[in-house]
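Residue numbers (this note's numbering): 3 to 1158. No residue lacks a Cβ here, since even glycine has one placed at the ideal position from N, Cα and C.
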Amino acid sequence: MKKFRKVLDGLTTSSPGGTIGSPSCGSAAGTPTAAPTPREIDVQETLVSENFQLCKTVRHGFPYQPTALAFDPVQKILAIGSRSGGVRILGRPGVDCYCQHESGAAVLQLQFLINEGALVTACADDTLHLWNLRQRRPAVLHSLKFNRERITFCHLPFQSKWLYVGTERGNTHIVNIESFVLSGYVIMWNKAIELSTKTHPGPVVHLSDSPKDEGKLLIGFESGTIVQWDLRGKKADFRIYYDEAIHSVGWHHEGKQFMCSHSDGSLTMWNLRNTTKPFQVTFPHGKIQKDGRKESCKPILKVEYKTSRSSDPFIIFSGGLSYDKAGRRPTLTIMHGKAITVLEMDYPIVEFMALCETPYNNEVQEPYAVVVLLEKDLIVVDLTQSNFPVFENPYPMDVHESPVTCTAYFAECPPDIIPILYSIGAKHKKTGYSQKEWPISGGTWTLGSYTYPEIIITGHADGSIKFWDASAITLQMLYKLKTSKVFEKPKLGEGRAAELVEEDPFAIQMVSWCPQSRIFCVVGISAHIILYRFSKQDANTQIVSLEVRLQCESEDVISPSENENNPCFTEPGSHSPQPHHQHPASPGSGTPEGIKDSIPCLKVKDRMVRVPPGYQAELVIQLLWVDGEPPQQITSLDINSAYGLLAFGNSNGLAVVDYLQKTILLCMSTLDLYGAADPYQRLTRSPRRNRQSTSEFCMRGLSNFYSDSKKRIRTSYQSLTELSDNQQSIDMERSKSPTSVHYPTSLHNDPRVLPEPVASLRASHCSPVFYLLDNESRENSFSRSRSSSVSSIDRDTKEAITTLQFGESYARKSDLVPTPCLWVGTSLGVVLLIPMSIPTDQEERMEEPVTIGPSGAVLMLKGSVLRFGFLDCMGALIQSPYEVWRDPNAPEDPDRLRKRKLVHFSPSSSQDTCGEGHLAVVCSERQAKVFLMPSQSCLFVHNITESSFVLRADVVSVCNSVCLACFCANGHIMTLSLPSLRPLMDINYLPLTDMRIARTFCFTNGGQALYLSSPTEIQRITYSQEMCDNLQEMLGELFTPTETPEAQNRGFLKGFFGGNANTFDREELFGEAAAGKASRSLAQHIPGQAGMEGMKVAASGVVGELARARIALDERGQRLGELEERTALMMTSAESFHKHAHELMLKCKDKKWYQF
């Protein structure tokens, strides 16, 4: 705890970066002022570095680029592996865990140790890992790295501690799961096949033990060779050589026959009595053509053969469709008796798995569902109903339904907002799902004590908005809003520009939401803003449309006559131009050559429309085309419900709209906002050489965020790590991905471009998704390579409005009382204050105009301004004033006048002792400053970074105090105390920041933040020590102690004649005593951090390793006790049988044969 006392004398605080070749921070540019009265400020700061710690909390969404699937039928948990080395483990809603392999190698296969609380992963770097799931945050216990062979397939029999590992060379190795070392027992490929065979059988693609006898291992090779290996006799029982390549094998539970799927789209059935040829060959989707030949079919990649007591067996497979049927979607086929059901999928099938009642492979399987892992979705099909409906997915797997283009995060929301949004969103839910409970129901999760209402908002490329309930580290969709319904369907335009714009014309750039007033505002890619009000009633409404001409700059004016004919902004003395309501009759209106002018990009519906309850559009603001050039995209937005005002800006200027009166109050270029207080010396700009070049660049900047390969699922971002990846194979894979983006290589020839990926990041203003500055580098970098002490601006630089905020403040030093102000930040580090006069009476507010005065204070910082925050003189956060929500469509009471209820947080209301005034926190790309208003004295300054720049900054509340949280382009996350700007935390969180993370990263109160870690996943993190301490309580338990179901009694005759599988002792065969040690050079054992060797009690959940070991011993003792009881019963039964047999023998001893 530190106290900061500072005596202000009206002069700028002398500190590094206090001046940057610009007017001093203590006075408005060019305006000498008298020093204010000295005042002592007493701020008690409570935050210390021990309050901060950074850690990941939970990941939501669909695993990006999934590769593998596994299911534990006893614990009922599901695991999904991904190409980036991630593993998602899912159970009942709330049980959702993400693990990451340090190597980042793709996960090839997953194998649960069924009901043991462990998982084996096989990765593309030929390493096996054993994960401990008996803790809330799973950790690797052991790893085994193969040095000389590549892993292709793994199989772990139920209740076995020996894992079979097939390799690319065709060999099969055996790994002890407990010690994670190789056995000396190896099945070499040349021993498995006949010596007379001249060709290599190929990699191992299948391994499974016979349901009839665990001592028999079925090995499938890619070439079509199948071998049943006798593990005891170390020889092959039989060998099958088939012409077609094998993809998978499925056993009948009796172990007498099995089925194979092949590359020609066929299924073959084999009987163990006669393995010379298949007894059945079928082409499920191959019809006989007129010439008698079968259609050529695609490979059947996987088949499962599952039996049922009450009906015919289920044969489930993926692929196998005819090549002739072009355009057919990926399919899953279910053959049940004579019925064949083909389920079409939206995305390619990665893997599927039938969920069965029993974990034993030698019992009737009784499948009840099929889990289908698609490239971009997870589907579970109900097999118990004849129409095979799908289950309703309780996980938020559809975050990426349309590519996410922006995010917003709100903690500590009003408690009533979540139930209201849910009740309205529930009316639009899809129907037709299975009525049964979600089958993946493992684990336990309870609502922790550390929870409060949180909402995440995602904006998407198709113009949709989704509201998510993010309370208690879960995610559930509440409500979906389609902004495209406001507009007429766009007609196909003409020319290249129209074609590029209309790819995703409704894509969301940014959102602004006031939870208290429920006012919601969105900014779209087509330079449009939509204002929504919330209502519980449906209504017929006419959407008001305003058109704003905010395009030209004063430097662009070629002659006085052009300025007179095409005024693009109002004169400084006249700040209230009338809105343009008229719609031109044709795209060519305004110019005889047919160039687009004074028309918006989209057409708003001009008729009465019926809107359902929820968010209802009230006002649409659109920027207009000017002289054939599209409007510049909007870079900043703020809305205030108490004032009834909306402000937005772009690279050309600023506009302020009164949304209550539906009028434009201000529409002015950035340069004209300064008036006489311009801190920069502007160089005159020569007449424009090529008017179309800017247009082409803007359109190119927009279109380059889309992939040409698949327009339907375009994405608006591209990882720079992918762009700079040197692995050719990965590059080829990614080039095929619909989310890959190819940037132009010759946008600008800027010699200042830095080659390093980190240095080539550019901070987009307020993180708009598609916004590109004119001085964008050729590598689509978003780093600024300009001098920090620029005193004159070159003619190609545009000064964009980068951030806006309404609030009660002091526009000038002479102000005695706070008034409504608009704080304006620009890309050149300038802060402007614009005072406003707003009528206070409700009737006057709806009739009298709001007046906007000339700009007041001008403050300077290094780099583009990102964020404003306001504190009172005691250091407490001042919230923006707001209007309390009231339903605009509620039936009116004639006896009561409906009044607007406003809530104001005046800077002077909470500080009688300190007098009037407040503190303004301003953060830019490079530095943060704290000013005292109204004196405009700079109290504190902190240079955040010199080598990088800040992408996102927010003033947030943490631990009952406030701090400034910053996220830098070099991956650092840092927090600064307020108002003293002391560094509290600085952690290098991400080694390299890509465009997606940069555009979606956002902080919120309570020490939380989020970003889009992949095109399909949201990663939430916390930087609060308190939340890190409570995280274990909030996470779900993956493992629940459950008794393993007993094997069915097979009967005396079946056990006697069918062979007894229980007599097979793997330890006797594979143990070191019998098989010896494996070659040390073949594989390397790597102990995990969570291994027993370290004997570090894992801080993960209620019990540590010792407690878990004790539980395991208890469970083992319980099993031994049950075994002892069963043995005693068997001995008693045997003695009884012996006694009766002896009596019978004595009775019949002396009888003759004819006496029986």
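Nearest residue (CA-CA) to residue i, options the options
| i | options | result |
| --- | --- | --- |
| W1238 | H1144, Q230, S312 and H157 | Since the first residue shown for the chain is 3 and the last is 1158, residue 1238 is missing from the structure and cannot be characterised. |
| G168 | M838, V142 and Q111 | Q111 |
| L830 | L863, Y307 and V958 | L863 |
| G96 | H249, L1040 and L1146 | L1040 |
| R139 | V76, L1033, L385 and T828 | L1033 |
| Q663 | P841, Y454, S404 and S265 | P841 |
| N542 | L548, D608 and V513 | D608 |
| C358 | T59, V383, K340 and E845 | V383 |
| F522 | A509, S537 and G677 | S537 |
6 Å Cβ shell around residue i - same chain, five flanking residues per side excluded
| i | result |
| --- | --- |
| T947 | C970 |
| T460 | V406, T409 and K468 |
| A70 | G83, V109, Q111 and L112 |
| I989 | L56 and I975 |
| S769 | Model confidence at S769 stands at a pLDDT of 35, short of 50, so the residue's coordinates are unreliable and nothing is read from them. |
| G204 | F223, E224 and S225 |
| L904 | A644 and E885 |
Assigned secondary structure, residue i (DSSP; H/G/I helix, E/B strand, else coil)
| i | result |
| --- | --- |
| W191 | helix |
| R1022 | strand |
| G88 | strand |
| A657 | strand |
| E698 | The predicted position of E698 is uncertain, since its pLDDT is 37 and thus under 50; no value can be drawn from it. |
| K931 | strand |
| L449 | coil |
| A892 | coil |
| H1142 | helix |
| V1104 | Summary for V1104: the model assigns pLDDT 36, below 50, so the residue's position carries little reliability, and this model does not support an answer. |
| H202 | coil |
Cβ distance (whole Å) where residue i is taken to contact residue j below 8 Å
| i | j | result |
| --- | --- | --- |
| L483 | S466 | 7 Å |
| Y991 | L56 | 6 Å |
| E927 | L986 | The pair is not a contact, with the Cβ atoms about 20 Å apart (cut-off 8 Å). |
| A124 | C156 | 5 Å |
| F319 | K304 | 6 Å |
| S436 | Q387 | 7 Å |
| A371 | L385 | 6 Å |
| I803 | T637 | 6 Å |
beta-carbon residue i near the ligand SAM non-hydrogen atom, thresh 6 Å
| i | result |
| --- | --- |
| L219 | The ligand content of the structure shown is nil, which means the ligand SAM is not present either. |
Backbone CA spacing between residue i and residue j [nearest angstrom]
| i | j | result |
| --- | --- | --- |
| E306 | A356 | 7 Å |
| R888 | M479 | 24 Å |
| A1076 | L1084 | 19 Å |
| G1073 | A1000 | 53 Å |
| S959 | G526 | 30 Å |
| D74 | G106 | 24 Å |
| R311 | E368 | 7 Å |
| C916 | L934 | Any reading at C916 must be qualified, since the residue scores a pLDDT of 45, below 50, and its modelled position is unreliable; no value is offered. |
| S882 | L921 | 14 Å |
| N192 | P68 | 34 Å |
| I1 | S643 | Because the chain spans 3 through 1158 in this model, residue 1 falls outside it and cannot be assessed. |
| P689 | I601 | Legend: pLDDT at P689 = 40, less than 50; position of this residue unreliable, no value from coordinates given. |
| T343 | Y100 | 35 Å |
| S86 | Y66 | 8 Å |
| E1035 | E216 | 42 Å |
| I153 | V932 | 59 Å |
| F412 | T665 | 30 Å |
Nonlocal neighbours in the same chain, by C-beta distance under 8 Å from residue i, ignoring five residues either side
| i | result |
| --- | --- |
| L675 | G655, L656, V826, L834, I836 and S857 |
Nonlocal neighbours in the same chain, by C-beta distance under 7 Å from residue i, ignoring five residues either side
| i | result |
| --- | --- |
| C299 | D266, G267, F285, H287, G288, G322, L323, S324 and Y325 |
| G1090 | A141, V142, L143, H144 and S145 |
| N173 | E151, V188, I189, M190 and W191 |
| H944 | Q929, A930, L978 and L983 |
Proximity test, Cβ basis, 7 Å: residue i and chain B
| i | result |
| --- | --- |
| C961 | Chain labels in this structure do not include chain B; a single protein chain is all it has. |
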